[in-house]
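Novice:
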Amino acid sequence: MVSSQNFSVTPLYHILQRLMRLCRPLCLAVPLWAASTGLVNAESWKVNLQDADIKAFINEVATITNQNFVLDPRINGNVTVISNKALSRDEIFQLFLSVMQVNGIAAIDSGTTIKLVPDNVAKQSGVAVDLRGDSVGEALATRVIYLTNTQA
Numbered sequence: 002m003v004s005s006q007n008f009s010v011t012p013l014y015h016i017l018q019r020l021m022r023l024c025r026p027l028c029l030a031v032p033l034w035a036a037s038t039g040l041v042n043a044e045s046w047k048v049n050l051q052d053a054d055i056k057a058f059i060n061e062v063a064t065i066t067n068q069n070f071v072l073d074p075r076i077n078g079n080v081t082v083i084s085n086k087a088l089s090r091d092e093i094f095q096l097f098l099s100v101m102q103v104n105g106i107a108a109i110d111s112g113t114t115i116k117l118v119p120d121n122v123a124k125q126s127g128v129a130v131d132l133r134g135d136s137v138g139e140a141l142a143t144r145v146i147y148l149t150n151t152q153a
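Residue numbers (this note's numbering): 2 to 153.
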C-alpha cells in the first residue's frame with residue numbers, strides 16, 4: 002500500500018491526466034473509423050486492366066457480382082478498362098455490359114445465368130416470343146409486327 006507521504010502530485014501529473022481524458026475518446030474512435038473504412042473498401046472496386054484476357058475479366062466480374070455466366074466457345078481476346086474511381090457492385094456490372102458491347106458480345110439474361118455470345122450469333126438466333134409480345138425468359142427477343150391496311 003502506498004502512503005500519502007511518499008506520493009506527491011506534481012503539475013505534470015495533472016497535465017498528463019487531462020491529456021489522457023482528451024485522448025481516450027480518440028483512442029476509442031480509431032477502431033470504429035478503421036472498421037468503417039474497411040467496409041467501404043470491401044464494397045467498392047477499382048478496375049484498371051491493360052490487354053487483360055477477356056475470360057479472366059469475366060471471371061472477376063462473376064466473383065464481384067455473384068452472377069453466373071455461360072461463355073460461348075468463340076469468345077476470346079483481350080480487354081482494356083481504365084477507371085479512376087472506385088465502383089460499386091452495380092456499377093461494375095454496368096461497366097461489364099459496356100465492355101461486352103464494345104467487344105461485340107451480347108449478354109443474354111436467362112434468369113439465373115447470363116449467356117455471353119457473339120453479337121452476330123445473338124442477332125441470328127433471336128428468342129421466341131408469344132403473340133402478345135411477352136418475352137419467354139431471355140432478354141434478347143425477335144418480334145414480328147404484322148402490318149394491316151397499308152399500301153404496298
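Virtual Cβ for every residue (Gly too), placed ideally from N, Cα, C.
All values derive from a computational prediction rather than experimental measurement.
For I76 and L117, which I take to be in contact (beta-carbon distance under 8 Å), what is that distance rounded to the nearest angstrom?
Specialist: Correct: roughly 6 Å between the Cβ atoms.
Novice: How about V48 and L13: are their beta carbons less than 8 Å apart?
Specialist: No, these two residues do not count as a Cβ contact at 8 Å.
Novice: Quick check: the segment 79-91 against the segment 46-63, are there 3 or more CB pairs under 8 Å?
Specialist: The segment 79-91 vs the segment 46-63: in contact.
Novice: Taking I115 and I109 to be in contact with their CB atoms under 8 Å, please state how far apart those CB atoms are, rounded to whole angstroms.
Specialist: With a Cβ gap of about 7 Å, I115 and I109 count as contacting.
Novice: Run through the DSSP bridge pairs and tell me what I115 is partnered with.
Specialist: Note: I115 sits in a beta bridge opposite F70, D110.
Novice: Consult DSSP for N85 and reduce its assignment to one of helix, strand or coil.
Specialist: Looking at N85 - three-state DSSP - the assignment turns out to be coil, as it is neither helix nor strand.
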